[in-house]
Amino acid sequence: MLPPRFLLLLFCSAATALRVPCLSRRELLLGAGVGLPLAAPPSATAKMPLSTDEQDRLDALSKFSRDTLPSTTLPSGVVVLDLYRGSGPEPRAGDLVYAHFKVWPRNFRSGTPADSSFLDTRPHEWRLGTPDERIRAGFDEGIVGMREDGWRRLIVPASLAYGSAGLTTQRGVALVEPDEPVFVDVILVDGGSGRCAEILRPAGVSEVGARRLKSISCVRGAP
C-alpha cells in the first residue's frame, strides 16, 4: 500500500513545505525504497514556499517521468506512463473505484492544476468505464489496467478531455483552452479492496452524509 505520506507528497499544494528524496528509476517502477518523510496534514502544516532544492527535486522527478520512463500510446491517442506499479486489486469495468487526480493544461506540474481531487479532501469515486464530469473519457480509459496504489501519468487528447469547450471557472476564466490536450496525475487509492468504501460509505449513512465524509488516504488514523 502506498503510505499516506506518499499521497500527501504527490498531491499537497506547492505551498506546503515537504522534504522530497530523489527516487531512482528502479524505485519508481518497483516501488522499492520509497520511505518518504511523514508530512503533516495541510491544515497543520506551516504555509511556507518550497526551498529551491525541494523545488528542483520535484521538477527533476517530473522531467524524469516525461523524458525517461517508457510510455504506451493507446489506440485512442492517450499516452500512459507508469511511475509506480501498484500491487493491489485491478478493477474491472463497472467496479466502484476511488482515485486522486490532478490535471494540468500545459505539462505535468506546470502551474496551478485545472482540477484536483485533493481539493475535495477525499478521492474521487466513479464506476470504471463510466466517465463523469470530472473523470473524462480519456482519464477513465487511461486508468484501465492500473492496480490499487498505482501511480500513473496520462497525456490525454482534447477530444477525450474537455474538447472544443475547454474548461473554465464559474466566472469564465479559462483553465483549459478549447481543443487543448491535458496532463493528468492519477493514483488509484481503492481499486477493489474496499478500504475507501469502508471509510467514505459506511453502512447506515445516507448518500448526503457519505458525501460529507473526508479522508485523503482512506486509512484510519491517517490524513
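According to full-length UniProt numbering, the sequence shown is numbered sequentially starting from 1. Idealized CB from N, CA, C, for every residue including glycine.
Have a look at the options and flag the residue whose alpha-carbon is nearest the alpha-carbon of residue i.
i: residue 149; options: 106, 188, 178 and 97; result: 188
i: residue 159; options: 173, 147, 178 and 172; result: 178
i: residue 94; options: 101, 180, 218 and 130; result: 130
i: residue 101; options: 138, 186 and 128; result: 186
i: residue 137; options: 221, 77 and 213; result: 77
i: residue 110; options: 210, 221 and 183; result: 183
If you follow the beta strand (DSSP E) that residue i is part of, which residue opens it and which one closes it?
i: residue 82; result: 79-84
i: residue 125; result: 124-127
i: residue 155; result: 151-156
i: residue 174; result: 174-176
i: residue 101; result: 96-104
Look at the alpha carbon of residue i and the alpha carbon of residue j, and state the distance between them as a whole number of angstroms.
i: residue 119; j: residue 75; result: 32 Å
i: residue 11; j: residue 180; result: Annotation note: pLDDT 47 at residue 11 (below 50); position unreliable, coordinate value reported separately. For residue 11 and residue 180, the distance between alpha carbons rounds to 23 Å.
i: residue 98; j: residue 191; result: 7 Å
i: residue 50; j: residue 204; result: With a pLDDT of 47 at residue 50, under the threshold of 50, the modelled position of this residue cannot be trusted; read the value that follows with caution. Answer to the nearest angstrom: the Cα atoms are 43 Å apart.
i: residue 24; j: residue 164; result: At residue 24 the pLDDT is 41, less than 50, meaning the model places this residue with poor confidence; the figure from the coordinates comes in the next sentence. Rounded to the nearest angstrom, the two C-alpha atoms are 39 Å apart.
i: residue 27; j: residue 134; result: Note on residue 27: pLDDT 37, under 50, position unreliable in the model; no value is reported.
i: residue 115; j: residue 70; result: 26 Å
i: residue 195; j: residue 82; result: 23 Å
i: residue 206; j: residue 125; result: 16 Å
i: residue 219; j: residue 72; result: 31 Å
Any C-beta of chain C sitting closer than 8 Å to the C-beta of residue i?
i: residue 133; result: Here chain C cannot be found, since the structure has a single protein chain.
Let's see if you can read the secondary structure: which residues bound the alpha helix (DSSP H) around residue i?
i: residue 143; result: 137-143
> Three or more C-beta pairs closer than 8 Å, one from the stretch 162-178 and one from the stretch 198-205: is that the case here?
Replying inline: Not touching, per the Cβ criterion.
> Does the pairing of the stretch 133-152 with the stretch 83-102 give three or more beta-carbon distances under 8 Å?
Replying inline: Look at the beta carbons and you see the stretch 133-152 touching the stretch 83-102: at least three pairs across the two are nearer than 8 Å.
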